[in-house]
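To start, the structure under review is shown below, and the notes come after it.
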Amino acid sequence: MGKRVAVVLAGCGVFDGSEIHEASAVLVHLSRGGAEVKIFAPNIEQRDVVNHLKGSPADEKRNVLVESARLARGNIQDLAELKVSEFDAVIFPGKCFYNKIICDSSVANNLKK
């Protein structure tokens with residue numbers, strides 16, 4: 001039996017969420033290594049939304065869990081459901097996640113549980 005790994009995403013986009021290449025690479029390598037992977041994301045409004053074509057802020061609202069579902073192909077759970085004790089590892093791909101989501105105290109408090 002492979003290791004149980006939780007991957008926590010933060011949306012879908014290099015400037016306003018999980019960087020797609022980094023997240024995909026993590027998922028591919030875990031799959032090739034035989035890991036049992038579950039994907040999570042916080043069910044919160046995205047703090048910043050970026051128009052990736054123009055590289056500028058976009059005036060719209062997006063949900064982090066809904067955006068992350070693009071990378072997870074819909075197979076994703078709310079971060080509030082993550083029970084860390086059920087996993088051998090938890091991976092947070094990409095720096096945008098840490099900078100824009102984890103630094104939000106409400107999300108950080110949920111991770112401590």
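In the working numbering, the protein residues as written are 1 to 113.
Using N, Cα and C, we set each Cβ at its ideal position, and we do this for glycine too.
Between which two residues does the alpha helix (DSSP H) carrying residue i extend?
i	result
E60	Per DSSP, E60 belongs to no alpha helix (DSSP H) and is neither H nor E.
Where does residue i land, buried or exposed, given buried means 16+ other C-beta within 10 angstroms?
i	result
G74	exposed
K113	At K113 the pLDDT is 49, less than 50, meaning the model places this residue with poor confidence and gives no usable figure here.
K38	buried
P124	No statement about residue 124 is possible, as the shown extent of the chain runs from 1 to 113 and does not include it.
V50	buried
Could you give the residue range of the beta strand (DSSP E) that holds residue i?
i	result
V90	A89 to I91
A6	R4 to V8
What number of angstroms, rounded off, separates the C-alpha of residue i from the C-alpha of residue j?
i	j	result
E86	G33	19 Å
L71	D59	23 Å
M1	V84	18 Å
K61	G17	13 Å
In chain order, each alpha helix (DSSP H) run of at least 4 residues that lies wholly inside the stretch 21-78
64-72
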